[in-house]
Amino acid sequence: MNGISDEMLMSYVDGELDGAASARVEAVLVHTADVRARLAAFQVTGRALGQLFDRPMCEPVPQHLIDAVMRAPPGGSGAVTASATILRLDKPLREQRHPSPRWMLAAACLALLAVAAGSRWIANETLRGFDNSYGVATAADGAHIAGAQLAAVLETTPSGTVSVQTIDGAHAAVKPVLTFAAFGGRYCRQYEVTREGADNALAGVGCRDVTGRWQVEGQVVVVPPPPSASVIRPAGNGSSGEIDAITDRLISSEVFGLEEEAGVMKEGWQRTGTPALDVQP
Amino acid sequence: MSDDIRNRMVELLPRLRRFSYALTGNLDEADDLVQETCARALSSAGQWQEGTRLDSWMYRIAQNLWFDRLRASKVRGESVNVDTAYELAGSDGRDVTESQLMLQVVSKSISRLPADQQLVIAHVCVDGLSYKEAADTLGIPIGTVMSRLARARQSLHAAMMAETVKPARTVHVIKGGRP
Numbered sequence: 004m005n006g007i008s009d010e011m012l013m014s015y016v017d018g019e020l021d022g023a024a025s026a027r028v029e030a031v032l033v034h035t036a037d038v039r040a041r042l043a044a045f046q047v048t049g050r051a052l053g054q055l056f057d058r059p060m061c062e063p064v065p066q067h068l069i070d071a072v073m074r075a076p077p078g079g080s081g082a083v084t085a086s087a088t089i090l091r092l093d094k095p096l097r098e099q100r101h102p103s104p105r106w107m108l109a110a111a112c113l114a115l116l117a118v119a120a121g122s123r124w125i126a127n128e129t130l131r132g133f134d135n136s137y138g139v140a141t142a143a144d145g146a147h148i149a150g151a152q153l154a155a156v157l158e159t160t161p162s163g164t165v166s167v168q169t170i171d172g173a174h175a176a177v178k179p180v181l182t183f184a185a186f187g188g189r190y191c192r193q194y195e196v197t198r199e200g201a202d203n204a205l206a207g208v209g210c211r212d213v214t215g216r217w218q219v220e221g222q223v224v225v226v227p228p229p230p231s232a233s234v235i236r237p238a239g240n241g242s243s244g245e246i247d248a249i250t251d252r253l254i255s256s257e258v259f260g261l262e263e264e265a266g267v268m269k270e271g272w273q274r275t276g277t278p279a280l281d282v283q284p
Numbered sequence: 069m070s071d072d073i074r075n076r077m078v079e080l081l082p083r084l085r086r087f088s089y090a091l092t093g094n095l096d097e098a099d100d101l102v103q104e105t106c107a108r109a110l111s112s113a114g115q116w117q118e119g120t121r122l123d124s125w126m127y128r129i130a131q132n133l134w135f136d137r138l139r140a141s142k143v144r145g146e147s148v149n150v151d152t153a154y155e156l157a158g159s160d161g162r163d164v165t166e167s168q169l170m171l172q173v174v175s176k177s178i179s180r181l182p183a184d185q186q187l188v189i190a191h192v193c194v195d196g197l198s199y200k201e202a203a204d205t206l207g208i209p210i211g212t213v214m215s216r217l218a219r220a221r222q223s224l225h226a227a228m229m230a231e232t233v234k235p236a237r238t239v240h241v242i243k244g245g246r247p
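Respectively, the protein sequence lines represent chains X and Z.
For the first sequence, position 119 matches number 122 in our numbering, and the numbering has no gaps at all.
For the second sequence, position 30 matches number 98 in our numbering, and the numbering has no gaps at all.
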């Protein structure tokens, strides 16, 4: 058990531990793949997952329910307050402890509205975690696609290893941070970019799509530059809450260890889902 | 009964609907449960004590009604009806999104958990209560909330992984690779 119970790992993910206890958990996480694997079960089933049920927070309450409360046996006035509250964002304590709670609920509502409108909701959410396009191109369909240099690093460089590239005429150190599998069968990687002469760094997450493009799901400025050489950066503790929030939304497995990552890379990032697209004719 | 309490109940409706949605996996059924909860709360409003949390009190009513329903459906041998309502409302059939598929997988997985585990998931992961608040609402020690929630989330994770791993196995068989 490495001295860390399931309950403690879960409390860490849920932000229920104090700083000292969190630090103890993190110290073990960095060194122990087994504990990271156990952590994954709690990361993917937390509040991020609960957001799937946020639709009632984003739409009007049906009138018959309001009537059921306001119209009343004992001395009901019948004067119904029809303006009943949608989109109440004053949610309980949990939200205040999490890094970007209001953002998350707002994004969930946006996402649901987008679904209702029949559009691609991921695009909406991506915009919120995308404030810098260095090394990234925009495709005809509006997707953010990693440019050749960034894509090359994501394709071949192990996590924790820095690769120096020349992008837009300037040197930049690009370092994949970690790799994970996403729902839908894609592989995704968090990365960091430190540009020559820039006093901030960038953090991003890219996912390899079925055509081999690395689609950038988010890329944001982080100040100050992220700490170097930490291969594992537990969710919620990283330098970018946005990137971690995107990761939380996407991830379907534990974060890969270096060996596992090397295996996936060697196999050419063969996808793990959607068999129809993978099957050879 | 004062209109003040009624107004406060109406303000709770979005959260109560979301909580019920997590339990039932279906918005129509969730609204039934919410309506019954409101009726029960209004008819026994005298039992609620001013100064205590109205939301906790209403959640307790809702969860008791949910237990009754689960027991009744078990006796009748029904299965839980998950989420067709969402699918129809959220999509025109052309574009089933990732989040909708996820919602179906998660709803199905929750419906297979024991009722006490469903409740901690709904309180903490969906409604966003702290462990302490969930313990107060459920009337159980915080340690019990934690162990129950940890087990529930491990089961949920296993069920979700089983859903996402299935296609991968198919691929391997078709390609004649690993069995």
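All residues carry an ideal CB built from backbone N, CA and C; glycine is no exception.
For clarity, every value in this text was computed on a predicted model and none was experimentally measured.
Exercise for the section: Please work out which residues of its chain come closer than 7 Å, Cβ to Cβ, to D134 (chain X), disregarding the five sequence neighbours upstream and downstream, and give them in chain order. Expected result: V223, V224
Practice task
Leaving out five residues on either side along the sequence, give the residues of the same chain with a beta carbon under 6 Å from the beta carbon of R27 (chain X).
Solution key: none
Practice task
Would you mind telling me which residues of chain Z sit closer than 8 Å to S14 (chain X), beta carbon to beta carbon, in chain order?
Solution key: Y199, M214
Exercise for the section: Spell out whether any CB of chain Z is found under 9 Å from the CB atom of I254 (chain X). Expected result: no
Handout entry: Best match in X:V156, X:T160, X:G138 for proximity to G150 (chain X) [C-alpha to C-alpha]
Key = X:G138
Practice task
Please name the residue or residues paired with W217 (chain X) in a DSSP beta bridge.
Solution key: X:R211
Problem - Whole-angstrom distance between Y89 (chain Z) and A98 (chain Z), CA atom to CA atom - result: 5 Å
Practice task
Would you kindly check if the distance between the Cβ of A203 (chain Z) and the Cβ of V213 (chain Z) is under 9 Å?
Solution key: yes
Practice task
Round the Cβ separation of Q185 (chain Z) and L68 (chain X) to the nearest angstrom and send it over; I've been treating them as touching at under 8 Å.
Solution key: Rounded, the Cβ-Cβ distance is 27 Å, inconsistent with contact.
Problem - Every unbroken alpha helix (DSSP H) inside the region 193 to 223 of chain Z [4 residues or more] - result: 199 to 206
Practice task
Let me know the secondary structure DSSP gives R58 (chain X) once reduced to three states.
Solution key: helix
Practice task
Tell me whether E270 (chain X) is buried or exposed, calling it buried when 16 or more other Cβ atoms sit within 10 Å of its Cβ.
Solution key: exposed
Handout entry: Euclidean distance between Cα positions of S177 (chain Z) and H225 (chain Z)
Key = 9 Å
Practice task
Whole angstroms is fine: what's the gap from R192 (chain X)'s alpha carbon to R139 (chain Z)'s?
Solution key: 46 Å
Exercise for the section: In angstroms with no decimal places, state the Cα-to-Cα distance between A238 (chain X) and A36 (chain X). Expected result: Low confidence applies to A238 (chain X): its pLDDT is 37, below 50, so where it sits in the model is not reliable, and the reading given next is rough at best. Using only the alpha carbons, I get a separation of about 15 Å.
Exercise for the section: Kindly indicate if chain X contains any beta-carbon less than 9 Å away from that of G249 (chain Z). Expected result: Nothing in the structure corresponds to residue 249 (chain Z), since chain Z is present only between 69 and 247.
Exercise for the section: Starting from the beta carbon of A71 (chain X), find every residue of chain Z whose beta carbon is closer than 7 Å, and list them in chain order. Expected result: Q103, C106, A107
Exercise for the section: Show which residues of chain Z have a CB atom less than 8 Å away from the CB atom of F183 (chain X). Expected result: Per Cβ cutoff of 8 Å: no residues; F183 (chain X) is ~13 Å from chain Z at best.
Problem - DSSP bridge partner residues for I254 (chain X) (one or two, in chain order) - result: X:A185
Problem - Burial state of Y194 (chain X), where buried means 16 or more other Cβ atoms lie within 10 Å - result: buried
Problem - Rounded distance between the beta-carbons of V194 (chain Z) and L217 (chain Z), thought under 8 Å - result: Their Cβ separation, rounded to whole angstroms, is 12 Å, which puts L217 (chain Z) and V194 (chain Z) out of contact at 8 Å.
Handout entry: Inter-residue Cα distance where the pair is M73 (chain X) and Q54 (chain X)
Key = 29 Å
Practice task
Using a cut-off of 7 Å between C-beta atoms, extract the partners of L217 (chain Z) located in chain X.
Solution key: M13
Practice task
Would you list, in chain order, the members of the region 123 to 135 of chain Z that have their beta-carbon closer than 7 Å to a beta-carbon of chain X?
Solution key: none
Exercise for the section: Go ahead and pull the three-state DSSP assignment for Q168 (chain Z). Expected result: helix
Handout entry: Closest Cα partner of G207 (chain X) within the set X:L153, X:G260, X:V167
Key = X:L153
Practice task
Run the CB neighbour count on P209 (chain Z), radius 10 Å, all protein chains shown included, and call it buried at 16 or more, exposed below.
Solution key: exposed
Practice task
Report all residues from its chain with a CB closer than 8 Å to the CB of L20 (chain X); omit the five preceding and five following residues, and keep chain order.
Solution key: M11, S14, V28
Exercise for the section: Give every residue of the same chain whose Cβ lies closer than 8 Å to the Cβ of D136 (chain Z), excluding the five residues on either side of it in the sequence, and list them in chain order. Expected result: none
Practice task
Starting from A90 (chain Z), find everything on chain X with Cβ-Cβ shorter than 9 Å and list it in chain order.
Solution key: G53, L55, F56
Handout entry: Within the region 21 to 65 of chain X, ranges of the alpha helix (DSSP H) (whole runs, at least 4 residues)
Key = 22 to 34, 36 to 46, 50 to 53
Exercise for the section: Measure the CB-CB distance between D251 (chain X) and A51 (chain X) and report whether it falls below 9 Å. Expected result: yes
Handout entry: E118 (chain Z) classed as buried or exposed, judged by whether at least 16 other C-beta atoms fall within 10 angstroms
Key = exposed
Exercise for the section: Can you say whether R39 (chain X) is buried or exposed, counting buried as having 16 or more other CB atoms within 10 angstroms of its CB? Expected result: buried
Problem - Residues bridged to T169 (chain X) [DSSP beta-bridge criterion] - result: X:H174
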